[in-house]
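Chains A and B, in that order, give the protein sequences.
Basically my numbering = 1-based index in the first sequence + 194.
Basically my numbering = 1-based index in the second sequence + 4.
Each residue gets a CB set at the ideal place from its N, CA and C atoms; glycine is no exception.
Nothing here was measured: the structure is a model prediction, and the numbers come from that model.
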Amino acid sequence: MFENIAAGMSMVFQWDNVLSALFGVTMGMVVGAIPGLTGAMAMCLLIPFTLYLKPIAAIAMLMGISKGANFGGSIPAILFNIPGTPEAAITALDGYPLLKQGKGGKALKMALYASTMADTMSDFILFFLAAPVAMVALKVGPPEYAMIILFSLVIIGAVAGEDFLKGLIAIGFGLFLATIGLDPLVGTPRFTFGSVELSAGLGLIPLVVGLLIFSETFKQIEVGVRGKSLESLKKDNLDQFQKTTDPSNHRVSFAEFKHCLPAIFGGLGIGAAIGAIPGIGTTVASYLSYTRAKRASKHPERFGKGALEGVAAAEAGNNAVVGPNLIPLITLGIPGNLAAALILGAFMIQGLTPGPLFMQQYAPMLYALFTVLIISNVFTFAIGNIFVRFARYLIYIPKPILYPGIMIFGIIGSYVFRNSLFDVITMIFLGVFGYVLTKFDIPLIPILVAFILGKIFEERLRQALLISRGSILIFFTHPVSLIFLLFIAVTIVMLGIRGIRRRKAQY
Amino acid sequence: MNVDQKFGLALLIFCLVFWFFVIPTQVAGMREAIYPQSIIIWIAISSVLLILKSWKGASKKILHKSQNEKGIVRVIAIATLCLVYILMINFLGFFISSFVFLVILMLSFGIRDWKILITIPIIFLLFLYILFEKLLVFPLPKGIIF
């Protein structure tokens with residue numbers, strides 16, 4: 195292990211890796227700070243261009259975006275009560291009241307300290323847990339692997355939207371889209387309708403850009419993109435931020451930081467545990483961390499009225515998810531959330547497939563990646579300190595200029611992946627498809643995750659059935675596979691009961 | 005019928021079409037068809053449950069979401085514009101088509117200041133030209149004319 199760590203370190207400190215991480219963090223902060231744009235959108239737009247980077251630099255850039263956006267989202271949440279990212283809504287609960295008290299600078303600094311501290315510690319959890327988990331994962335055969343993927347998909351479908359059944363439908367769509375192309379075992383064409391382009395299957399990038407960027411853009415076009423950001427700008431708040439003369443309102447004292455440490459560590463524990471489970475995500479972690487800090491506080495009545503621990507807990511919770519989220523990705527090839535799914539996509543573009551053997555084959559590279567994550571946190575801290583002074587001006591960027599730029603970037607991204615205008619046309623159709631699905635509240639993220647995992651799921655499922663000569667009993671006779679089947683059954687039954695209870699409460 | 009029921013029913017029709025018409029013609033071999041058929045069953049069962057779930061008390065639910073009809077027309081127009089733009093790339097090349105596309109988009113988003121309409125696309129496309137053609141040495145699509 196130590197030789198691998200040493201070899202990894204020697205790979206990290208190259209200019210392209212460090213600059214990619216720096217660029218990613220800055221880009222993530224900018225995007226996260228603009229309401230309506232998310233880190234995931236920036237990752238989608240930049241994935242195609244990772245083709246030009248080496249694997250470590252590519253992943254460093256994407257992880258940097260994710261980390262930067264996590265913090266960036268808290269800036270408009272605190273300054274304008276407009277969360278830049280969904281999880282930042284919890285930060286706004288206390289961050290915005292703090293701004294009203296003239297302590298906006300203090301809230302922003304606390305958000306920065308809590309997020310970088312929790313993120314760094316969560317990266318160490320990944321650093322130390324990935325190898326042992328990978329050792330266990332090596333013993334996983336095709337039937338177990340297939341059931342673990344199925345379990346992850348069911349969980350992702352269950353938590354992605356309001357309605358569990360719609361999540362399952364989304365998973366079905368994703369798995370189906372993944373079947374387009376050649377049959378993975380016999381190589382005959384499926385659902386290609388005679389098209390040569392479709393024989394290679396649907397491209398990952400057109401799907402990502404279409405479903406996540408264009409469908410969102412179409413949604414914005416529907417409601418009207420005419421200068422919304424300026425309308426929602428509350429200039430009074432800016433004045434309050436700028437006119438505070440007491441310098442102590444713009445910094446966090448050591449005593450205040452010490453007071454917030456239990457909230458940060460609590461958030462770390464909750465975020466790390468949630469991060470290791472596929473699908474649950476940062477918003478839940480942020481909310482649970484905030485609730486725990488409120489319960490544990492001697493003054494719970496201050497929460498929601500400007501408690502600094504509230505900002506610390508929310509930010510620690512959502513950032514602690516980042517590291518452990520990569521454990522299932524690296525050890526099993528199963529992405530825990532959208533950011534991890536996009537990173538898996540970037541690995542695949544580089545010709546690498548994370549999974550049980552990955553840790554053995556590319557151990558130095560993985561340790562290099564872990565180190566890059568820590569470096570990205572240092573950048574987040576350093577850039578964040580400067581960025582909070584200027585970030586508020588980003589809200590002035592008019593959307594009528596922003597969205598055309600995003601659309602052109604998305605179109606180029608879809609084109610450069612395979613030099614194909616067919617991919618661009620596919621992307622537009624997928625964008626319309628995603629937009630229509632959102633009209634029926636079908637969550638889009640499970641489609642993407644199921645699409646990414648679809649090929650490997652089918653391969654493992656069919657390999658298992660080949661081993662058993664077509665008998666599905668193989669999934670019941672292997673203990674690990676059986677355990678995951680039971681997990682799936684319990685999850686479905688529990689969600690069914692919850693759905694019935696909700697309906698009874700409604701009518 | 006509420007929105008969920010309509011959606012569930014549409015999905016069921018989709019499943020039937022795929023089961024009886026698309027899978028038999030687009031997948032070679034009975035064994036090879038089992039996996040796509042299983043996915044269709046997955047979607048069909050979820051759709052039936054969705055219909056059943058929203059059956060009771062349907063009248064109490066809002067039957068239609070308030071749809072912004074003008075907004076939807078705008079989306080259709082922009083999606084069509086995107087397709088036309090992509091087809092035009094084959095004739096006019098990337099840069100000329102993108103310039104026209106950007107100007108039309110910004111106009112449709114309410115920008116009326118001609119200085120912005122001209123300068124922003126030029127700056128943006130110049131940035132893309134330097135990034136792709138010069139730095140990444142990746143040729144963006146050329147058309148028949150340019």
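DSSP places Gln657(A) in the uninterrupted alpha helix (DSSP H) bounded by 639-661.
One thing to note: Asn513(A) has its Cβ no nearer than 7 Å to the Cβ of Asp288(A). Per DSSP, reduced to three states, the secondary structure at Gly366(A) is helical. The beta carbon of Thr411(A) is closer than 7 Å to those of Tyr597, Ile600, Met601 in its chain, skipping five residues each way along the sequence. In the three-state scheme derived from DSSP, where H, G and I count as helix and E and B as strand, Leu396(A) is classed as coil. Looking at the DSSP output, Leu376(A) bridges to Pro383(A). Rounded to the nearest whole angstrom, the CA to CA distance from Val31(B) to Ala466(A) is 44 Å. Counting the other Cβ atoms within 10 Å of the Cβ of Met221(A) gives 16 or more, which makes it buried. In terms of Cβ geometry, Gly12(B) and Glu416(A) do not form a close pair [threshold 7 Å]. Apart from the 5 residues on each side of it in sequence, Leu121(B) sits with its Cβ closer than 8 Å to the Cβ of Val107, Met110, Leu111, Ile115 in its chain, given in chain order. Annotation for Cys238(A): Val402, Val403, Leu406, Ile407 place their beta carbon closer than 6 Å to its own, counting only its chain and skipping 5 residues before and after. By the Cβ neighbour-count rule, Glu509(A) is buried, with 16 or more other Cβ atoms within 10 Å of its own. With its beta carbon at least 7 Å from every one in chain A, Phe103(B) lies outside the interface. Three or more beta-carbon pairs drawn from the segment 498-506 of chain A and the segment 295-308 of chain A are found closer than 8 Å, and the two stretches are therefore classed as touching.
Bounds of the alpha helix (DSSP H) holding Pro594(A) are 593-612. Here Gly397(A) is buried. Its C-beta has 16 or more other C-beta atoms within 10 Å. Judged by pairs of C-beta atoms under 8 Å, the segment 631-647 of chain A does not touch the segment 261-269 of chain A, as fewer than three such pairs exist.
Listed along chain A is no residue with a C-beta nearer than 8 Å to that of Glu137(B); the closest approach is about 12 Å.
With contacts defined as CB atoms closer than 7 Å, Ser58(B) and Ile363(A) fail to qualify as a contacting pair. Here DSSP, grouped into helix, strand and coil, assigns Trp46(B) to helix. About 4 Å separates the Cβ atoms of Val674(A) and Glu338(A), confirming a contact at the 8 Å cut-off. Secondary structure note for Asn443(A): it is in no alpha helix (DSSP H), with a DSSP letter that is neither H nor E.
Restricting attention to Leu615(A), Lys633(A), Met257(A), the CA atom closest to the CA of Gly147(B) is found in Leu615(A). Taken through DSSP and simplified to helix, strand or coil, Gln9(B) comes out as helix.
In the structure shown, Tyr556(A) adopts coil according to DSSP, grouped into three states. Of the residues assessed, Thr620(A) falls on the buried side of the cut-off, its CB having 16 or more other CB atoms within 10 angstroms.
Closer than 7 Å to the CB of Phe412(A) there is at least one CB belonging to chain B. The Cβ-Cβ distance between Leu306(A) and Gly578(A) falls below 7 Å.
DSSP places Glu137(B) within a helical segment (H, G or I) once states are collapsed to three. Counting only the Cα atoms, Ala254(A) lies some 11 Å from Ala540(A). Here Asp617(A) carries a helix assignment [DSSP, helix/strand/coil]. For Arg116(B), there are no C-beta contacts with chain A under 8 Å, since the nearest C-beta of that chain is about 10 Å from it. Separation of the CB atoms of Ala506(A) and Ala449(A) is rounded to 14 Å, and the pair is thereby denied contact status at 8 Å. Under the criterion of beta carbons closer than 8 Å, Ser570(A) and Lys248(A) do not qualify as touching, at roughly 16 Å. Chain order gives the chain B residues near Phe370(A) as Pro40, Ile43, Ile44, Ile47, where near means a beta carbon separation below 8 Å. Its Cα nearest to that of Phe243(A), the residue Val610(A) stands out among Leu332(A), Val610(A), Ser316(A).
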